[in-house]
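When we follow the working numbering, the leftmost residue of the sequence shown carries the number 18, and every step to the right adds one.
Written out below as structure tokens is the structure these notes cover.
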Amino acid sequence: MKLTLKVNGDQRSAEVPALKRLLDVLREDLQLTGAKEGCGEGECGACAVWINGQLVNSCLVPASQMEGGEVVTIEGLAQGGVLQPVQQAFLEHNGAQCGICTPGMVMAAEKLLRSGKETTDANVREALAGNLCRCTGYQKIIDAVRAVGAAR
Ligand code: FES
Ligand code: FES
18 MKLTLKVNGD QRSAEVPALK RLLDVLREDL QLTGAKEGCG EGECGACAVW INGQLVNSCL
78 VPASQMEGGE VVTIEGLAQG GVLQPVQQAF LEHNGAQCGI CTPGMVMAAE KLLRSGKETT
138 DANVREALAG NLCRCTGYQK IIDAVRAVGA AR
């Protein structure tokens, strides 16, 4: 199929099999390798992007469901090479180690921050509940997100 969708504000298109996973379309056809594959089964959140404004695991979404849709990936957050505050906070709080979970964590965290909800410990934990990290023990990530929330 010819897939046409908006990615990070740009109209993009690609010839892809209808059942090709959005994660693979992004990484292989659109050269956006920020979203990562962890489990490939919808469990880890490493592949999370925003689809039509919702946080979604892109490994579970076939291309055929994306026609005319709108996607924001981690590449769409940094503007002009300048990191978003939440990305900067991950750096400063050592919230990233191997980095596989980081793009999905940042997309989930930014979603919470933009929702206007308070970044209480409970709200941050709930917002990141779908994102698994095998490296950091989570506390540094939570500290990073809460620091950004406190500064807003
Ligand atoms: Fe998609 Fe794990 S790779 S949820
Ligand atoms: Fe390695 Fe989170 S930093 S999985």
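C-beta: ideal position from N, C-alpha, C; glycine also.
Who are the Cβ neighbours of residue i in its own chain at under 7 Å, not counting the five residues just before and after it?
i: Thr153; result: Gly112, Gln114
i: Ile54; result: According to the sequence displayed, residue 54 carries Glu and not Ile. Counting only Cβ-Cβ distances below 7 Å, and skipping sequence neighbours, we find Leu40, Ala63, Cys64, Cys76.
i: Asn25; result: Val89, Thr90, Glu92, Gly93
Quick check on residue i: does DSSP put it in helix, strand or coil?
i: Glu84; result: coil
i: Gln28; result: strand
i: Pro79; result: strand
i: Ile68; result: strand
Write down the C-beta distance between residue i and residue j rounded to the nearest angstrom, noting that I regard them as a contact closer than 8 Å.
i: Ala125; j: Gly62; result: 7 Å
i: Ala167; j: Thr136; result: 7 Å
Closer than 8 Å by C-beta to residue i: which residues in its own chain qualify, once you throw out the five before and the five after it? Chain order, please.
i: His110; result: Lys157, Ile158, Asp160, Ala161, Ala164
i: Pro34; result: Met18, Ala80
What does a CB cutoff of less than 6 Å around residue i pick up in its chain, not counting 5 residues either side in sequence?
i: Arg44; result: Thr50
i: Lys134; result: Asn140
i: Gly57; result: Cys76
i: Trp67; result: Val89
i: Leu36; result: Pro79
Let me confirm a value: residue i is counted as buried when at least 16 other C-beta atoms fall within 10 Å, else exposed. Which label applies?
i: Gln104; result: buried
i: Glu127; result: buried
i: Gly121; result: buried
i: Val99; result: exposed
*Using 8 Å as the Cβ pair cut-off and three pairs as the minimum, do the region 77–90 and the region 137–153 touch?*
no
*Decide yes or no for the touch test of the region 36–45 against the region 66–83: beta carbon pairs closer than 8 Å, at least 3 of them.*
yes
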